Every structure is written in structure tokens, then in C-alpha cells.
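Input: a single structure, listed below in C-alpha cells.
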Amino acid sequence: MKFGGTSVKSIDRIERVARHVMAGRAAGYKVCVNVSAMAGETDRLVDLATSAFGNKAARMAEYDTVVSTGEQVTAGLLSLVLQRHGIAARSWLGWQLPFQTDARHGAATIHEIDTSSLGDSLEAGEVAVVAGFQGIDEEGRITTLGRGGSDTSAVALAIALNAGRCDIYTDVDGVYTSDPRIVPSARRLDQISYEEMLEMASLGAKVLQTRSVGLAMRYGVPLRVLSSLGEPGESKVFTQIMSEQEIMERRVVSAVVPSRSEARVDLLGVPDKPGVSAMIFTALAAAKVNIDMIIQSQSRDSASVNLSFTLKEQDLSIAQSVLAERKSDIGYTEILADQNVAKVSIIGVGMNDRSGVAAQMFETLSSRGINILNISTSEIKISVLVSSEYTELAVRALHDSFGLRQSSA
């Protein structure tokens, strides 16, 4: 059972979490709980660390020492509440298991988890309350897994313990066809494939961290997303995340997902010769800038082309700096940047064997007067870049067009 920051934001909510845990025990399960820091606590700790050293602190061991303490507090508090209710419980920190990781502070990768002591604790009838988001490197220094890393540590624990199921408790009762704040008629999905959830997470849907979904898919961990905000037994609704083969009905489109944190870069007058594109994207990759949509078009000069690509808005200044430094080597004439863009994507495993999906998407946007700036596709996703002012209109139009609206019944 994994509980996120909003689920443990206060002692009252931790009390409710304890009731969910006790209900799991009453149902006959051995329960391992993975907890996040209380809502807002990690942001506070990050601000303290960056105030002390600057933004580069995020790659340092001491940064991880600071920001990992939020989960330690939650694990201790939940254990205390469970003990007050007469439940044998103890807290476990990343170094106590241990969660063995590499030394990439602020974005560590899990290598292995030693669950021997944890397994003994569970067999003895204790509830294990594990601090998420953290581990330990080969030199014994505390590491963290990146924002949202408690999801990843929860799934990794489920794998290591050979758990029957991993339940992810959040402040919503499942995965929706779109953001209900944009589309009030969005509906909860009873089932969704790992592949669809992975695409949604990578596009910025905040239900689950991308790495956690990838791990669950690789090892076949049954996942459920459900709400912690009600009392145990009040509601039995949730979204089951499973393999595509287990889903009874393959939907053509399952969800429409917006991503507002996008930017576009246009390089004009790029020499049209072999090796230039490689030079551009190798330089950006070296600076850890991830590129998404790429379009190359002929410029007015037959010896050059214009190159357009998208990236996360937070990486724009880095990309501009890298490209400016390499301008003489690359030979482009001008660089333009646009932050007033958004990506809107439709996702569905049924796209694999259904024609006309792209046509329907483009026609829907055209009928609303929405111009498409860039396009990218995969087997189960079509993404378009649009002017940010049309984001909500595009999402609502596509949601209706593909029949995702909640039934009025």
C-alpha cells in the first residue's frame, strides 16, 4: 500500500491511512506500507537546500540527506498511530533495508533491495512502514529517486516481496479519461493498460510516476489506483492497471492528456548537409535536454533547411545556451523560441489496428479553428502541438469527438 503526500498531509489523514492499513490486515493480508512526505514538505526541504547552496545542490549527497527526511517523519508518525491502535508496526528507512541505488543524487536508480529483514518482520505479523523516495549508494550515502520517487520505491518493493498487489492511494479514485478540471464530463476508467498509463505518465499526468509504471509493466505487478480520502469500505471504485492482453474491451482512445510545460525552438537556415542534425542533437543530449517533436522543412535557400523541435519549458534556457555556443559550428542563421505552446495527446491501445484515428483528430481540431504546429506519433499515441490559448478547447473537443464523455445516466 502506497500513500502519497496529500494522503498523509496531517495527523487526521494519517489516522485515516492507519484505518486503511488495519482494514488490509483484517482482510488477511501481510501489509507493507510505502509513504511519501507530508504534502508540501518536500518543496520546503528543497527550498532550504537550494537556499543553502543553489540549484546545483540537487546533484549533491547533502541535498539528498535533507530532502529525504520528509518521508522519515511520515514513516515514524504512521508507525506511532498504528501502535496506538494496538497494531505491531515499525518504520524502515532506505538505508535500513537497504534500498541499494547508484550514486546519482537527486535521480538515483534502484539496483536491488534486500528484503530479508523486512520479510522476517512481515512474517512476525508487523506492519512494515517504509519511507519512500530514498535509498543508499555503495559508499553508504543517502540517495533519492527523483520527484514522485515514492511510486517507484513502492512498485520496487512489491516486486522484491513478490506481493500479490500494489495499491497506490492518492487524492483521486482512479485514472480519468482527461483532467476533470478541464473536462467536467471526464470519467474514471475501470481498467487501463500499462502501455497507456506509461504514455499518460510521460505526458505529465500526475497520477503515477513514469518509472513506477515501467517497472510494473516489466515485472507484471498488478496495480490499483484508488482514493485514500474516504473511509475503508465506503467506496469500492478504483482503476486497475494491467497488461493489454487482460483488458476485455480494447478502446480506440482511452484518454486525452494536455501538457502545458512545453516550448518550441526553431533553427532557421541550417545547412542542408550530412552530420549537422547529429551535431545539434548530440550537443543537446550532452546537456541532458530531452527532445520530442522534430520537423525539418526546406527554407527559401535551397542549400539550407529550417529545423523545429519541442522540449520541456524548463530546459529551454539550457538549449538556447548550448545552441548559441555552437552557432558557428552548426552554421544556422537564427534561433527562435516559443513558450506559448502546449501538447495535446490522444492515447489508446486500440489505435494499433484502427484506421482513421489521426484523420478524426485533425478534423476535430480544424473544425474548432485550432492550428497544428507539430505532430508526433507512436503505436498508441498521437500528439499535436498547439498554441497554448487553445489547450482547453482542444482537450474538450477531442474528448467529445472520441466518445469519452461520462454517461448522463
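Residues 843 to 1251 (the numbering used here) make up the sequence shown, in order.
Glycine included, each C-beta is placed from N, C-alpha and C at the ideal position.
Please read all numbers here as calculations on a predicted model, not as lab measurements.
Looking at the backbone, the Cα of Ser1163 and that of Ser1144 are separated by about 28 Å. With fewer than 16 other Cβ atoms inside 10 Å of its own Cβ, Asn1182 counts as exposed. The beta-carbon separation of Gln1051 and Gly977, rounded to 15 Å, does not stay under the 8 Å limit for a contact.
The Cβ atoms of Leu1071 and Asp1021 do not sit closer than 8 Å to each other. Arg855: member of the alpha helix (DSSP H) spanning Ile853 to Ala868, first to last residue. As for any alpha helix (DSSP H) of minimum length 4 sitting wholly inside the stretch 1152-1208, the runs are 1158-1167 and 1169-1172, ordered along the chain. Beta-bridge pairing by DSSP links Tyr1018 to Arg1030. Inclusion of Ile1217 and Asn1194 in the CB contact set at 8 Å is not warranted, their separation being larger than that value.
For Tyr1061, the number of other beta carbons within 10 angstroms of its own is below 16, and it is reported as exposed.
In the DSSP assignment, Phe895 falls within the unbroken alpha helix (DSSP H) covering Glu883 to Phe895. Boundaries of the alpha helix (DSSP H) harbouring His1241: Thr1233 to Ser1243, taken from the DSSP string. Within the DSSP bridge table, the entry for Asp906 names no partner. Between Arg1053 and Ile1010, the C-beta gap is not smaller than 8 Å, which leaves the two residues out of contact. Look at the beta carbons and you see the stretch 941-952 touching the stretch 977-988: at least three pairs across the two are nearer than 8 Å.
Here Lys844 carries a strand assignment [DSSP, helix/strand/coil]. If the five residues before and after Arg1093 are omitted, its C-beta is found closer than 6 Å to the C-beta atoms of Gly1190 and Gly1192, all from its own chain and listed in chain order. Non-local C-beta neighbours of Val859 in its own chain, meaning closer than 7 Å and more than five positions away in sequence, comprise Phe845, Ser849, Val850, Leu920 and Ser1070, ordered along the chain. Cα atoms of Phe1204 and Thr1081: separation of roughly 29 Å, rounded to the nearest angstrom. Residue burial is scored here from C-beta neighbours: Asn897 has fewer than 16 other C-beta atoms within 10 angstroms and is therefore classed as exposed.
Boundaries cannot be given for Tyr871, as no alpha helix (DSSP H) includes it and DSSP labels it neither H nor E. Take the alpha-carbon of Thr884 and the one of Gln914: they are about 11 Å apart. Annotation note: the stretch 926-990 contains the following uninterrupted beta strand (DSSP E) runs of length 3 or greater, listed N- to C-terminal: 931-934, 941-943, 952-955, 969-973, 976-978 and 984-986.
Beta-bridge analysis with DSSP links Gln1082 to Gln1033 and Arg1066.
With 16 or more other Cβ atoms from the protein chains shown falling within 10 Å of its own Cβ, Phe1151 counts as buried. If you check the CB distance, Val1098 and Asp1015 do not come in under 8 Å.
With fewer than 16 other beta carbons inside 10 angstroms of its own, Asn1213 counts as exposed. If one requires a minimum length of 3 residues, the beta strand (DSSP E) runs lying completely within the stretch 1076-1139 are 1081-1084 and 1097-1113, in chain order. Membership of Leu1045 in any alpha helix (DSSP H) is not indicated, and neither H nor E is assigned to it by DSSP. Ile952 has its alpha-carbon roughly 10 Å from the corresponding atom of Phe975.
Ranked by how close their Cα comes to the Cα of Ser1220, the residues Leu1178, Lys1169, Leu1045 and Asn1148 have Leu1045 in first place. The Cβ-Cβ distance between Ile1188 and Phe1244 falls below 8 Å.
Here Glu968 has Ala930, Ala931 and Arg932 as same chain residues with Cβ atoms under 7 Å from its own Cβ, once five neighbours each way along the sequence are excluded. With fewer than three CB-CB distances shorter than 8 Å, the stretch 886-897 does not count as touching the stretch 854-874. Counting the other Cβ atoms within 10 Å of the Cβ of Gly948 gives 16 or more, which makes it buried.
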